[in-house]
Amino acid sequence: MTAVCDQPERSGSSMADDAACQTTIRRVLHNVVMLDCTNLCSFGENPAGRGQATGFVVDANLGYVRLLYIMTCAHVIGGGPSRICCVFGSSESVELSIVFSDPIHDFAILHYDPDTIKFAKVDGLQLRPDLARSFDPRRPLLVISLTTG
């Protein structure tokens, strides 16, 4: 999960101490999840095995129905049969199913039943492609990830 803190170019101070970045972290952190992935057999360049990765909950609000999905990198889920569990901040876990995977752009969309989550505060992040812009190395960039993946 990458979020841009809306601050001008600066040097010296830590982004973690910046008020705008702290606001961003509080807004998104509860939507960051751990994925526990098991590739059941080798497939293409992906060996069988187990690993952990970071994912984040996105809100696919279609107006008439609200769907929550998990987004992660496609290389995380491999190309063959796999079992993927998602662990929320409340330690609740749920099994995921693959909706879409794009190995060229390295992203995957996974589905879960939000009714199975009882304690985690999950509201989903809004994807805003209309706000996308070219990367500017002079602007602060905040990357939120789990240390295990």
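Count the sequence shown with this note's numbering and you get residues -7 to 141, in order.
For each residue, glycine too, the CB sits at the ideal point set by N, CA and C.
Cβ-based neighbour list, L94, same chain, cut-off 8 Å, excluding 5 preceding and 5 following | A quick correction: the sequence has Asp, not Leu, at residue 94. Same-chain partners within the cutoff: A66, A100.
Just the Cα atoms here: how many angstroms apart are D51 and T15?
-> When rounded, the distance between both Cα atoms is 19 Å.
Nearest neighbour of G71, chosen from S85, I17, V91 [CA to CA] = Nearest option by C-alpha distance: V91.
Among L119, I76, R19, I62, nearest to Q44 - alpha-carbon criterion = That would be I76, whose Cα lies nearest to the Cα of Q44.
With R18 as the anchor, note down where its alpha helix (DSSP H) starts and where it stops.
-> Element bounds for R18: 11 to 20.
A66 - containing alpha helix (DSSP H), residue span | It spans 66 to 69 - the alpha helix (DSSP H) in which A66 sits, taken as one unbroken run.
H103: first and last residue of the uninterrupted beta strand (DSSP E) it sits in = Going by DSSP, H103 is part of the beta strand (DSSP E) stretching over 99 to 103.
Whose CA, out of L117, L133, T140, lies closest to the CA of T21?
-> Contrary to the premise, residue 21 reads as Leu rather than Thr in this sequence. Selected option, being the one with the closest Cα: L117.
Kindly indicate which residue of D122, G41, L88 has the alpha-carbon position closest to the one of Y61.
-> Comparing C-alpha distances from Y61 to each of D122, G41, L88 shows the shortest one belongs to L88.
Which one of P132, A11, D28, A12 has the shortest CA to CA distance from C78?
-> The shortest CA-to-CA distance from C78 to any of P132, A11, D28, A12 is the one to D28.
Roughly how many angstroms separate the alpha carbons of L59 and H103, rounded to a whole number?
-> Going by the C-alpha atoms only, they are around 9 Å apart.
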